[in-house]
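A.B. asks: Sharing a structure here in structure tokens format.
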Amino acid sequence: MKAAPVALFTYNRPEHTRRTVEALRNNELAGATPLIIFSDGPRDHSMDKSVQEVRNYISTVDGFESIVIHHRKKNMGLASSIIQGVTEVAGESGRVIVLEDDLVTAPSFLSYMNEALSFYRDTPEVFSISGYNLPPQTMKIAADYPYDVYFNPRAHSWGWGTWADRWAKADWQVNDFKTFIADREQIRQFHSGGEDLTHMLQLQMEGRIDSWAIRWCYTHFREHAFCVYPTRSLVENIGFDGSGVHCGASGNDKYYAPLPEGKQRFNFSMVIQTNETLMDDFRAAYRPARGPGKFIRMLKRFKQFFLKD
Numbered sequence: 001m002k003a004a005p006v007a008l009f010t011y012n013r014p015e016h017t018r019r020t021v022e023a024l025r026n027n028e029l030a031g032a033t034p035l036i037i038f039s040d041g042p043r044d045h046s047m048d049k050s051v052q053e054v055r056n057y058i059s060t061v062d063g064f065e066s067i068v069i070h071h072r073k074k075n076m077g078l079a080s081s082i083i084q085g086v087t088e089v090a091g092e093s094g095r096v097i098v099l100e101d102d103l104v105t106a107p108s109f110l111s112y113m114n115e116a117l118s119f120y121r122d123t124p125e126v127f128s129i130s131g132y133n134l135p136p137q138t139m140k141i142a143a144d145y146p147y148d149v150y151f152n153p154r155a156h157s158w159g160w161g162t163w164a165d166r167w168a169k170a171d172w173q174v175n176d177f178k179t180f181i182a183d184r185e186q187i188r189q190f191h192s193g194g195e196d197l198t199h200m201l202q203l204q205m206e207g208r209i210d211s212w213a214i215r216w217c218y219t220h221f222r223e224h225a226f227c228v229y230p231t232r233s234l235v236e237n238i239g240f241d242g243s244g245v246h247c248g249a250s251g252n253d254k255y256y257a258p259l260p261e262g263k264q265r266f267n268f269s270m271v272i273q274t275n276e277t278l279m280d281d282f283r284a285a286y287r288p289a290r291g292p293g294k295f296i297r298m299l300k301r302f303k304q305f306f307l308k309d
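Read in our numbering, the sequence shown has 131 at position 131, and its numbers run on one by one without any break.
So this is what it looks like as structure tokens:
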């Protein structure tokens with residue numbers, strides 16, 4: 001089967017974009033992979049130079065089966081850009097792998113994503129594939145755990161993939177929000193992917209953030225769907241250096257995962273259910289801070305994981 005296309009979304013960070021592209025080009029399947037780059041337009045004239053630097057760089061990229069570049073004339077913002085771009089690419093090919101301009105991938109990332117997209121293509125409960133996972137110091141994987149993946153009700157936005165038919169099920173307006181937010185049992189169930197989710201969805205619906213990712217997480221919940229995560233992360237986020245539009249600098253290594261090198265073989269599971277031991281560690285990492293300083297810590301967490309969108 002032909003390799004899935006990669007949709008790469010860029011804005012105004014030429015050095016981050018270069019590192020992202022170079023890592024992707026070092027992947028085993030890069031030469032067989034179509035690359036579609038979406039370059040968002042400047043938000044204001046202060047961004048003209050940096051956006052142009054990104055565009056100058058991406059015009060020189062090679063090493064992929066094909067390269068198509070879309071220059072946005074106006075600034076769409078990441079949420080609208082991703083919703084429109086993923087819809088376009090997935091609609092043409094049936095599936096898509098999605099990266100942003102601050103995600104460095106392991107050499108086996110494309111192999112994993114393509115194998116997983118193929119393996120779970122006809123498993124309707126699986127809505128997406130994540131290339132990222134929490135590091136070993138945060139999530140303990142037992143030595144006798146038999147697979148290289150696990151199932152999570154929460155989608156992730158740091159290097160991921162999906163299929164056109166699943167993506168089409170997203171309700172970007174979240175039309176049932178009023179019913180959901182009034183139902184404590186639904187909220188409790190939504191929190192099976194993390195206690196921060198409902199508050200993020202509230203911020204989205206109040207117009208205080210603009211995040212495609214929280215709405216995609218809600219789609220997984222509403223459709224009783226899962227995201228497949230690797231037990232070892234194949235993606236590193238390099239954007240927490242203060243350079244991102246919404247992401248500030250962070251010295252927290254709770255989410256930093258060193259990348260594996262060389263080829264890997266992946267053992268996928270067809271037993272579609274969560275492992276509660278793993279999910280306990282996962283939920284703990286996304287649990288909102290409590291006690292003194294809670295509000296400040298919550299703001300930092302929001303900036304790191306959703307406001308970027």
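We treat Cβ as the ideally placed atom computed from N, Cα and C, and that holds for glycine.
Here the structure is a predicted model, which is why all the values come from computation and not from measurement.
1) Based on the DSSP output, what are the partners of Glu-100 in its beta bridges?
2) With a floor of 4 residues, list each alpha helix (DSSP H) that falls wholly inside the stretch 100 to 140, ordered by position along the chain.
3) From this set, Val-104, Ile-97 and Arg-19, which residue's C-alpha is nearest Leu-259's C-alpha?
4) In this structure, what does DSSP give as the bridge partners for Asn-152?
5) Helix, strand or coil: which one does DSSP assign to Ser-81?
6) Residues in the same chain with beta-carbon distance under 8 angstroms from Ile-272, minus the five sequence neighbours each way, listed in chain order, please.
7) Can you confirm whether the stretch 209 to 225 touches the stretch 142 to 158 when touching is taken to mean that 3 or more C-beta pairs between the two stretches lie within less than 8 angstroms?
8) List the whole-angstrom C-beta distance separating Phe-177 from Met-205, where the pair is believed to meet the contact cut-off of C-beta under 8 angstroms.
9) Measuring straight from C-alpha to C-alpha, what distance separates Pro-328 and Asp-183?
10) Please report how far the alpha carbon of Gly-251 lies from the alpha carbon of Asp-102, in whole angstroms.
11) Ordered along the chain, which non-local residues of its own chain (more than five positions away) have a Cβ less than 6 angstroms from that of Asn-26?
12) Assign Arg-13 to buried or exposed, taking buried as 16 or more other Cβ atoms, counted over all protein chains shown, within 10 Å of its Cβ.
C.D. replies: By the coordinates alone:
1) In the sequence shown, counting from the first residue as 1, residue 100 sits at position 100. Answer is Phe-9, bridged to Glu-100.
2) 109 to 119
3) Along the sequence shown, one-based indexing puts residue 259 at 259. Of Val-104, Ile-97 and Arg-19, the residue nearest in Cα terms is Val-104.
4) Translated into the one-based positions of the sequence shown, residue 152 becomes position 152. DSSP output for Asn-152 lists Cys-227 as bridge partner(s).
5) Taking the first residue of the sequence shown as 1, we reach residue 81 at position 81. The answer is helix: DSSP assigns Ser-81 an H, G or I state.
6) The residue you call residue 272 lines up with position 272 of the sequence shown. Same-chain partners within the cutoff: Thr-123, Glu-125, Val-126, Phe-151 and Phe-226.
7) yes
8) In the sequence shown, counting from the first residue as 1, residue 177 sits at position 177. In the sequence shown, counting from the first residue as 1, residue 205 sits at position 205. Between Met-205 and Phe-177 the Cβ distance is about 5 angstroms, and since that is below 8 angstroms, they are a contact.
9) Coverage of the chain is limited to positions 1 through 309, which leaves residue 328 absent and any answer about it impossible.
10) Mapped onto the sequence shown, residue 251 falls at position 251. Mapped onto the sequence shown, residue 102 falls at position 102. Residue placement at Gly-251 is poorly supported in this model, since its pLDDT is 49, which falls under 50; the coordinates still yield a value, given next. Using only the alpha carbons, I get a separation of about 16 angstroms.
11) For the purposes of this step, residue 26 is taken as the residue at position 26 of the sequence shown. Cβ within range, chain order: Pro-107.
12) Mapped onto the sequence shown, residue 13 falls at position 13. Answer is buried; the Cβ neighbour count reaches 16.
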